[in-house]
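Numbering (the working numbering), first residue to last: 145 to 317.
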């Protein structure tokens with residue numbers, strides 16, 4: 145049986161919230177150079193749109209970590225599939241993620257990045273599921289808090305499908 149996707153957050157709501165987050169980030173980093181790290185694959189849609197709205201100079205880098213595979217729940221085992229291309233020592237770094245649920249992946253990733261001595265390290269996510277949190281992760285910028293449902297669109301996928309949807313939807317199996 146094929147899954148269905150129901151709209152949870154419209155493309156207009158997503159676009160408006162991204163512009164608001166970018167304004168807040170631009171205000172905080174005014175007069176500084178921001179280095180953004182996208183957590184692939186899902187975060188690329190969010191980071192691309194976010195960076196278009198920033199008024200501060202920024203550079204982009206990418207990491208790929210996995211704790212899902214093809215499942216709908218995190219396995220808890222974190223694997224770095226692609227590391228950064230550039231060093232972050234002494235830089236103002238903003239990690240950009242599509243969604244945070246258990247927090248295990250981001251907790252692991254942030255600790256790894258802290259060991260690389262950035263000047264500052266903050267976290268921005270499009271979606272947050274705080275009720276699912278099992279690891280202590282401080283999120284500095286959040287697009288939307290969502291309930292514990294499986295969401296797709298705007299970079300988020302289900303078995304590599306639905307990333308290109310212009311809205312956030314709920315998968316109904």
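Every residue gets a Cβ at the ideal spot worked out from N, C-alpha and C, and that includes glycine.
1. Under a three-way DSSP split, which group does residue 179 fall into?
2. Look at the alpha carbon of residue 314 and the alpha carbon of residue 184, and state the distance between them as a whole number of angstroms.
3. So residue 239 and residue 228 are in contact, right, with Cβ under 8 Å, and what is the actual spacing, rounded?
4. Quick one: measure Cβ to Cβ for residue 198 and residue 170, integer angstroms, because I've assumed they're closer than 8 Å.
5. Grouping DSSP H, G and I as helix and E and B as strand, with all else coil, what is residue 196?
6. Residue 246 by DSSP, collapsed to three states: which one?
7. DSSP three-state label for residue 226, please.
8. Mapping the DSSP letters down to three states, classify residue 189 as helix, strand or coil.
9. Where do the ends of the beta strand (DSSP E) carrying residue 208 lie?
10. At the level of alpha carbons, what is the spacing between residue 145 and residue 290?
11. With a Cβ-Cβ cutoff of 7 Å, do residue 236 and residue 273 count as a contact?
12. How far does the alpha helix (DSSP H) with residue 147 in it reach, from first residue to last?
With the structure as the only source:
1. strand
2. 21 Å
3. Contact doesn't hold; Cβ gap of about 11 Å is too wide.
4. 5 Å
5. helix
6. coil
7. strand
8. helix
9. 202-210
10. Since pLDDT at residue 145 reaches only 44, below the 50 mark, its modelled position is unreliable, and the value read off the structure follows with that caveat. Spanning the two alpha carbons is a distance of roughly 26 Å.
11. no
12. Segment: none, residue 147 is in no alpha helix (DSSP H) and carries neither H nor E.
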